[in-house]
Each structure stands twice: as structure tokens, then as C-alpha cells.
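Engineer:
In this note's numbering, the protein residues as written are 113 to 372.
#1: Report the rounded CA-to-CA distance for residue 141 versus residue 167, giving the unit in angstroms.
#2: I'd like to confirm the pairing. Which residues does DSSP put opposite residue 282 in its beta bridges?
#3: Suppose you measure from the CA of residue 306 to the CA of residue 361; what does that come to, to the nearest Å?
#4: Rounded to a whole number of angstroms, what is the C-alpha to C-alpha distance between residue 316 and residue 371?
#5: With three or more beta-carbon pairs closer than 8 angstroms as the criterion, would you say the segment 219-232 touches the segment 195-203?
#6: Tell me which residues share the same chain as residue 215 and place their Cβ nearer than 8 angstroms to its Cβ, disregarding the 5 neighbours each side in the sequence.
#7: Sorted by chain position, which residues of the same chain lie with C-beta nearer than 8 angstroms to residue 294's C-beta, five sequence neighbours on each side aside?
#8: With 16 other CB atoms within 10 Å as the buried threshold, where does residue 259 fall?
#9: For residue 244, does the three-state DSSP call read helix, strand or coil?
#10: With DSSP collapsed to three states, give me the class of residue 358.
#11: Kindly indicate the opening and closing residues of the beta strand (DSSP E) around residue 197.
#12: Go through its chain and collect everything with a Cβ distance to residue 288's Cβ below 6 angstroms, but skip five positions before and after it.
#13: Around the C-beta of residue 189, are 16 or more other C-beta atoms found within 10 angstroms, so that it is buried, or is it exposed?
#14: Is it buried or exposed, residue 251, if we count other Cβ atoms within 10 angstroms and call 16 or more buried?
#15: If distances are taken between C-alpha atoms only, which option among 308, 182, 249 comes closest to residue 268?
#16: Taking a contact to mean a Cβ-Cβ separation below 7 angstroms, would you say residue 220 touches residue 262 in this structure?
#17: Suppose the cutoff is 6 angstroms on Cβ atoms and the five residues either side in sequence are ignored; what does the same chain contact list for residue 324 look like?
#18: Please classify residue 156 as buried or exposed, where buried requires at least 16 other C-beta atoms within 10 Å of its C-beta.
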């Protein structure tokens, strides 16, 4: 995203421009680029998408609202004030009770379904009618941050919270070291997306704050999940091989690494 932002600046000559609106302009331009691109079928293999900047207008061709409509918006949970420029909101849908007050973290998509990560688990929405999304799954399984990715019929969910449990229980984990704790990647079978099945997990030394899923065109037997963890290193008695020593003392330290 940083490289795309730099291309945006270069293509439009916005260096030194009014930065109050610069971020919003970039988002609007990016939205327009995606909206105008030709649609393509979702395949099991991830495909790179190039983003063109030819339809991005320079700042002097765009007149932002004045006064700034974001100033003075009222606070609220489901009734907060709104300010929208150059976009149209089709719908807004509150989450089910178990997910209210818990942070929404990420989105992934499979066909006409949107999978919404939440610190308390994940939800699956049927968005075939964007003006009226329908909740089809609310899977309660706490373990922040619950970033989600889809590869074929597999759903990967990040977990790094100290209270995350292997059994998806909501009672948390009170012990410093426990074999009941989940910190890593949960794996679900979503071949029947309205009935996801929790099939496995991969434990890591610092959990998974977020992750990226990649495949190798020369390897059709495996999918690779690059895991970034930001939580404290787990004690050895909870997960053997986890070292919190500085890399200068232990080259296998878990302090600074990406796990695959």
C-alpha cells in the first residue's frame, strides 16, 4: 500500500498538497479504481492485480466539501454521526449480540459471502444483495485479533490473545502456561460456508496478530501462511522451543521473526 500511495503522489503531483484531505482523496481514488475495473471470477489461486492511476484527478481538479463535514460529528455506537464524500453507503447492519462491543478486525471474501473477523470470532454475511446483507454464520471463538484469509475451501483465522482457547470457549485461560491456550492460526473447512468446521490449528510462539496467505505456482500440494505475531513470547512449558532471549544470545529467538 505504501508503494501505491507513493505512485499516487508521483502521478498526481500532490507532494506538499493540503494533507488534511490527501488521505481521503487517496481512498476515494482507490475506491474508484476498483469500482471501474472489470470483474473477474474468484479462483482458488490468488492472482496479482495491477492498479492503474490514469483516472486519478489532481488535487486542483477536485473541490472538497467546505466546511469539513467531519467536524462536530456526534459520537455513538450504532447512531454515530456520518460524513460521506463521493461515496454512497448501501447498508449498515449491527452485529449479533455476542459480537457487540468487540472490535471488528478484518474482511475476507468467497463468492457472494463476506467473512468478518472480530475479536470474539467471525461472522459470515451473504452479500448477494449489498443493500440488505444477511447473517448466515456467527462463530463465537474468542482469540484476538481474528484476522481472516480464504484460500479455496479453507479459512485461516489469526489468534494471539492470552485468553484464546483451543475449544473456542469464552471463559478464557487464567494460568500463565496452559495447554488449553490457542495462540497461532485456526483453520476452518468452509466447503459448506454456512456450516464452517474447525479442523485444525497451528500454534506459534507469539501468536498471530495478522497473516498473509501465499501459494507457489510450482507447488499445488501446499499453501503457505506467513504469520506475524506481536504478543509476548510464550513460556517453554506452554510451547517447547519458544525462546525470549535476545538474538545475540539465541539465534532461534522468537522475538524478531516471521513464522511460515
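Even for Gly, the Cβ is constructed at its ideal location relative to N, Cα and C.
From a predicted model like this one, the values you see are computed outputs, not experimental measurements.
Structural biologist: According to the structure data:
#1: Counted from its first residue, the chain shown places residue 141 at position 29. Counted from its first residue, the chain shown places residue 167 at position 55. With a pLDDT of only 38 at residue 141, under the threshold of 50, the placement of this residue in the model should not be trusted, and no figure is reported.
#2: The residue given as residue 282 occupies position 170 in the chain shown. Answer is none; residue 282 lacks a bridge partner.
#3: Counted from its first residue, the chain shown places residue 306 at position 194. Counted from its first residue, the chain shown places residue 361 at position 249. Taking the straight line from one Cα to the other gives about 49 angstroms.
#4: On the chain shown, position 204 is the one that residue 316 refers to. On the chain shown, position 259 is the one that residue 371 refers to. Their backbone Cα atoms lie some 8 angstroms apart in a straight line.
#5: no
#6: Position 103 of the chain shown, counted from the first residue, corresponds to residue 215. Same-chain partners within the cutoff: 230, 231, 256, 257.
#7: Along the chain shown, one-based indexing puts residue 294 at 182. 255, 271, 276, 277, 278, 313, 315, listed in sequence order.
#8: Translated into the one-based positions of the chain shown, residue 259 becomes position 147. Buried, by the Cβ-count rule.
#9: Within the chain shown, numbered from 1, the residue matching residue 244 stands at position 132. DSSP places residue 244 in coil when its eight states are reduced to three.
#10: One-based indexing of the chain shown puts residue 358 at position 246. Coil at residue 358, not helix or strand.
#11: For the purposes of this step, residue 197 is taken as residue 85 along the chain shown, with counting starting at 1. Premise fails: residue 197 is in no beta strand (DSSP E) and is neither H nor E.
#12: Position 176 of the chain shown, counting from 1, holds the residue named residue 288. If we look at residue 288 and ignore the five residues flanking it on each side, it has no Cβ neighbours.
#13: In the chain shown, counting from the first residue as 1, residue 189 sits at position 77. Classification of residue 189: exposed, given that the 10 Å Cβ count is below 16.
#14: By one-based count along the chain shown, residue 251 stands at place 139. Classification for residue 251: buried.
#15: Against the chain shown, residue 268 aligns to sequence position 156. Checking every option, the nearest Cα to that of residue 268 belongs to 308.
#16: In the chain shown, the residue the question calls residue 220 occupies position 108. In the chain shown, the residue the question calls residue 262 occupies position 150. It is a contact, given that the beta carbons lie within the stated cut-off.
#17: Against the chain shown, residue 324 aligns to sequence position 212. Cβ within range, chain order: 338.
#18: Here residue 156 is taken as the residue at index 44 of the chain shown, counted from 1. At residue 156, the pLDDT of 45 sits below 50, so the modelled position is not reliable; the number obtained from the coordinates is stated separately. Classification for residue 156: exposed.
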